[in-house]
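No gaps in the numbering here: position 442 of the sequence shown is 442 in the UniProt record's numbering, and each next residue is one more. Virtual Cβ for every residue (Gly too), placed ideally from N, Cα, C. It should be emphasised that the depicted structure is a prediction, and the values quoted were computed from it without experimental measurement. Shown next, in structure tokens, is the structure this report addresses.
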Amino acid sequence: MSVPNQPAEFASHICGICFKQSHYICPRCGINYCSLTCYRSEKHNQCSEAFYRDCCIDSMRNRFSDANSRSRMLDILRREADASKTIYRDTDDSRVSNCPEDNESTESEVGSDDRDPSERFVDLDLNCDKLDTNLVWSKLPMQEKREFCRLINSGEIKNYVPLWIPWWHAKNDAVVEVNHSTNVTNTPSPHRLPPPLRLSKIFPSGKLPHHSVVFVLLDVLLGYAFIARLYNGDYMDLKHEAASNFCQIVASFGCSCISKSPPKDKCRDPSRTVILSPISSRIPPTFSSVSQVVGSVQIQLCQLKFPCSPQTMVVLLEDAVALTRTGSNVCHALEDAHILINSIRSGMDTEGSTEHEAPKKQLLNAHHKLAFLRSCFSLQDPTALKWQATVFPTFRSQLSVELCKQITSFSTENSRPVEPAAGPNWRQMIRDSKERVITRLM
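Okay, structure coming up:
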């Protein structure tokens, strides 16, 4: 996170582990460090292990695939319910908007529709992407409206929302279902992107992309997989928020401030890891290994207060392995991410600014980066295919090794006994100790 109004001498901090220039500060002990390797070093082992243990415990309490994905869907449904209430307040029908459960007179005044749902919605295409939800709501009887509002308010609606299965883990690879923005069927997509440029046009001299481009690809795929899971596959419903989070998770798009206009009179939040860099610096990092990319994504997730435990990283690495298994999966993921970014860029001037919106410059950087990646990993360019054959085998093996390391690390952390912390009940802890505590007077 780029920190505004920081003194210039902050950028010259020295890493307390390897004595190189520091870019980060540990939020627990305050030591300066320059990389994830130094953060995990033996000199910082006690602090880092406590951090990973806390992340693991928090992750086990709140499962990534269950709680977070469904809570996002619950937020979407709550917003739909609030919009419906506003509409009914405008029509002076406050009893419908408040959804009372004990008011029997409302039931008799409005009445109920005993018709079969197929008869009520016979004139509506429920599979249409541009379906008017207000029209659907108006066709529901009072009893169903009350039940829907009750499920929203109690949170039970999450039990009716099916858990999204990522398309890259689909059993049938012949038919890959992405979301409505990326269409792989014969139906033309309204967001269809132009074909990527050939590498010969990008590099007229015949030069090939650098081998480190695969690490930029991994950075994008990890961010894409997280966003897709976070919004249960329906991230286009909240595309402004999803695009903003996506741009901040992927460090290759350039550093960005998590808070747009932080108050000057408030102190920095000590629970956040701070990237000490000048305000004007938007230079993306240069990765040289898979572990660096994974560490960068994990740090970005922690800064954004998203799940960042080893269990989360294992899930994302499994997604990356599945996405890079075939070239078509890579192309679909890049096109899907490119459509998300372009949908925000095209509507920024017409729709106006929103609460969750990435800066224009950052969206432009993401657009150019994704366009370049699509050219490098195109399946229609012979030059790109030749280059992919030289970098993909080594990259896939490194990705598998990193996945094994993360699984081993997670298993080791999970098998360690959690010692109770000394608190107000320390006397009872001593009494319950297996070993008798004997105090001798010398």
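Between the CA atoms of residue j and residue i - distance to the nearest angstrom
i: S409; j: F306; result: 20 Å
i: P166; j: Y24; result: 34 Å
i: A251; j: E119; result: 51 Å
i: V293; j: V391; result: 16 Å
i: T383; j: L197; result: 11 Å
i: R229; j: N329; result: 16 Å
i: C15; j: R150; result: 54 Å
i: R396; j: E318; result: 12 Å
i: Q311; j: E144; result: 39 Å
i: H44; j: C18; result: 11 Å
i: Y160; j: D132; result: 21 Å
i: V290; j: V216; result: 10 Å
i: N127; j: W168; result: 23 Å
i: T324; j: W137; result: 42 Å
i: L193; j: E335; result: 8 Å
i: P162; j: K20; result: 49 Å
i: A170; j: D54; result: 33 Å
i: S154; j: G30; result: 42 Å
i: F64; j: K360; result: Because F64 carries a pLDDT of 45, less than 50, the predicted location of this residue cannot be relied on, and the following value inherits that uncertainty. Going from the Cα of F64 to the Cα of K360 covers about 31 Å.
i: K130; j: F121; result: 15 Å
i: L385; j: F148; result: 52 Å
i: residue 447; j: I249; result: Past the edges of the chain, shown from 1 to 442, lies residue 447, and the structure says nothing about it.
i: E42; j: A322; result: 33 Å
i: S288; j: Y231; result: 30 Å
i: C308; j: S411; result: 16 Å
i: residue 495; j: P209; result: With the chain running from 1 to 442 in the structure shown, residue 495 is simply not present.
i: V401; j: T286; result: 21 Å
Neighbourhood of residue i by C-beta, 8 Å cutoff - its chain only, sequence neighbours within 5 removed
i: L135; result: L124
i: C331; result: R374, F377, S378 and L379
i: L363; result: A243, C247, I341, I344, R345 and M348
i: F253; result: C247, P284, Q362, N365, A366 and K369
i: Q406; result: V294, P310, M313, V314 and L317
Reference residue i, options the options, closest by Cα
i: S22; options: R28, C34 and G30; result: C34
i: A389; options: A371, D336, T326 and H338; result: T326
i: V315; options: S397, L403, S291 and F395; result: L403
i: W387; options: V214, L334, I17 and T324; result: V214
i: K239; options: K405, A337 and L140; result: A337
i: L304; options: L317, I227, T394 and K405; result: I227
i: P393; options: C38, E156 and H211; result: H211
i: A333; options: S154, A371 and L385; result: A371
i: D381; options: P195, C38 and Y231; result: P195
Own chain residues within Cβ distance below 7 Å of residue i, not counting five before or after
i: A320; result: L218, L221, L222, A225 and L399
i: N245; result: I227 and L304
i: S200; result: T383
i: H51; result: Reading off the sequence, residue 51 comes out as Phe, not His. Within the same chain, F51 has close Cβ partners R28.
i: residue 443; result: The structure shown does not extend to residue 443, since the chain is modelled only from 1 through 442, so no value can be given for it.
DSSP bridge partner residues for residue i (one or two, in chain order)
i: residue 497; result: Given a span of 1 to 442 for the chain in the structure shown, any question on residue 497 remains unanswerable.
i: N32; result: I25
Close-in-space but distant-in-sequence residues of the same chain around residue i (CB under 6 Å, 5 per side omitted)
i: L36; result: G295
i: R28; result: C47
i: R40; result: S48
i: R268; result: Because the pLDDT of R268 is 47, which lies under 50, any placement of that residue in the model is unreliable, and the number read from its coordinates should be weighed accordingly. Within the same chain, R268 has no close Cβ partners at all.
Chain D within 7 Å of residue i, Cβ atoms only
i: L363; result: Absent from the structure is chain D; it holds one protein chain and no more.
Can at least three beta-carbon pairs, one atom from the stretch 197–214 and one from the stretch 294–313, be found at a separation below 8 Å? no
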